Amino acid sequence: MRCPFCGNEDTQVKDSRPTEDNSAIRRRRFCPSCSARFTTFERVQLRELTVVKSNGHREPFDREKLLRSMRIALRKRPIDIDRIDRVVNSLVRQLESSGDSEIPSKQIGEKIMEALQTLDQVAYIRYASVYKDFREASDFNEFVGQLAPEATPEV
Numbered sequence: 001m002r003c004p005f006c007g008n009e010d011t012q013v014k015d016s017r018p019t020e021d022n023s024a025i026r027r028r029r030f031c032p033s034c035s036a037r038f039t040t041f042e043r044v045q046l047r048e049l050t051v052v053k054s055n056g057h058r059e060p061f062d063r064e065k066l067l068r069s070m071r072i073a074l075r076k077r078p079i080d081i082d083r084i085d086r087v088v089n090s091l092v093r094q095l096e097s098s099g100d101s102e103i104p105s106k107q108i109g110e111k112i113m114e115a116l117q118t119l120d121q122v123a124y125i126r127y128a129s130v131y132k133d134f135r136e137a138s139d140f141n142e143f144v145g146q147l148a149p150e151a152t153p154e155v
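Numbering (full-length UniProt numbering), first residue to last: 1 to 155.
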């Protein structure tokens with residue numbers, strides 16, 4: 001593993017342990033060249049996934065992109081970062097174990113929405129407003145009305 005500080009190719013592992021949810025190995029490393037310490041994470045990847053966009057364009061699956069979109073939806077919400085990571089790990093495992101190496105972006109978006117709906121309603125609505133491309137306030141009102149029809153006042 002290359003040192004992120006000096007670029008030395010020969011770093012030493014000082015400590016290895018599984019993460020809380022056993023989805024990765026956390027390694028504490030030391031660089032003998034510059035004496036820096038840093039942490040790396042090693043995750044199991046069952047298969048290479050390719051995302052098929054709605055326009056037919058294909059790109060490699062990026063776990064960090066999925067994590068970033070969830071963090072944006074959950075920004076300023078009372079959800080622990082570790083919990084978000086566990087949900088993302090679960091989503092990635094579901095995608096990898098689906099049997100398909102090419103996953104439509106729509107399927108990924110739907111899985112994120114399902115996860116957010118159980119995690120936090122506000123984040124779910126935030127994500128849906130971008131994912132479903134709401135153009136007008138009426139689109140937003142209609143979507144929120146579908147969530148809890150008994151909770152919305154009649155006009």
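Backbone N, C-alpha and C fix where the C-beta goes; we use that ideal spot for every residue, glycine too.
All values reported here derive from a predicted model rather than from experimental measurement.
In whole angstroms, what separates the C-alpha of residue i from that of residue j?
i, j, result
"Pro-129", "Arg-71", "Note on residue identity: the sequence assigns Ser, not Pro, to residue 129. Ser-129 and Arg-71: Cα-Cα distance of roughly 15 angstroms."
"residue 161", "Asp-82", "It is not possible to answer for residue 161, since the shown part of the chain is limited to 1 through 155."
"Gln-117", "Tyr-124", "5 angstroms"
"Glu-142", "Val-88", "28 angstroms"
"Glu-150", "Arg-26", "Only weak support is given to the placement of Glu-150: the predicted model assigns it a pLDDT of 48, under 50, and the value that follows is read from those uncertain coordinates. Taking the straight line from one Cα to the other gives about 47 angstroms."
"Asp-15", "Ser-97", "30 angstroms"
"Phe-41", "Val-92", "16 angstroms"
"Cys-31", "Met-1", "10 angstroms"
"Arg-29", "Val-44", "19 angstroms"
"Pro-18", "Ser-90", "16 angstroms"
"Ala-115", "Cys-6", "40 angstroms"
"Asp-100", "Arg-68", "23 angstroms"
"Tyr-86", "Glu-64", "According to the sequence displayed, residue 86 carries Arg and not Tyr. Near 13 angstroms, if we compare the C-alpha coordinates of Glu-64 and Arg-86."
"Gly-145", "Ser-23", "37 angstroms"
Tell me whether residue i sits in a helix, a strand or coil according to DSSP, three-state version.
i, result
"Ala-151", "Unreliable placement is indicated for Ala-151, whose pLDDT of 47 sits below 50; the coordinate value is still reported in the next sentence. Ala-151 falls in the coil class under three-state DSSP."
"Val-2", "Just to set this straight, residue 2 is Arg in the shown sequence, not Val. Of the three classes helix, strand and coil, the one that applies to Arg-2 here is coil, per DSSP."
"Ser-129", "helix"
"Asp-15", "strand"
Comparing C-alpha positions only, which one of the options sits nearest to residue i?
i, options, result
"Arg-58", "Leu-49, Lys-65, Glu-64", "Leu-49"
"Lys-76", "Arg-47, Ile-108, Asp-120", "Asp-120"
"Leu-66", "Pro-104, Arg-17, Ile-112, Val-52", "Ile-112"
"Thr-39", "Glu-64, Gln-12, Arg-47", "Gln-12"
"Ser-33", "Arg-47, Leu-95, Arg-86, Pro-4", "Pro-4"
"Leu-147", "Tyr-131, Ala-137, Val-122, Asp-133", "Val-122"
"Ile-108", "Val-51, Glu-136, Ile-84", "Val-51"
"Ser-54", "Ile-103, Glu-136, Ala-137, Ser-23", "Ile-103"
"Arg-37", "Asp-10, Ser-138, Leu-95, Ser-105", "Asp-10"
Using the rule of at least 16 other Cβ atoms within 10 Å of the residue's Cβ for burial, across every protein chain shown, is residue i buried or exposed?
i, result
"Asp-62", "exposed"
"Ala-73", "buried"
Is any non-hydrogen atom of the ligand ATP found closer than 6 angstroms to the C-beta of residue i, if you look at the structure I gave you?
i, result
"Arg-126", "The ligand ATP is not part of this structure, which contains no ligands at all."
In chain order, each beta strand (DSSP E) run of at least 3 residues that lies wholly inside the region 29-101: 37-43, 50-52, 58-60
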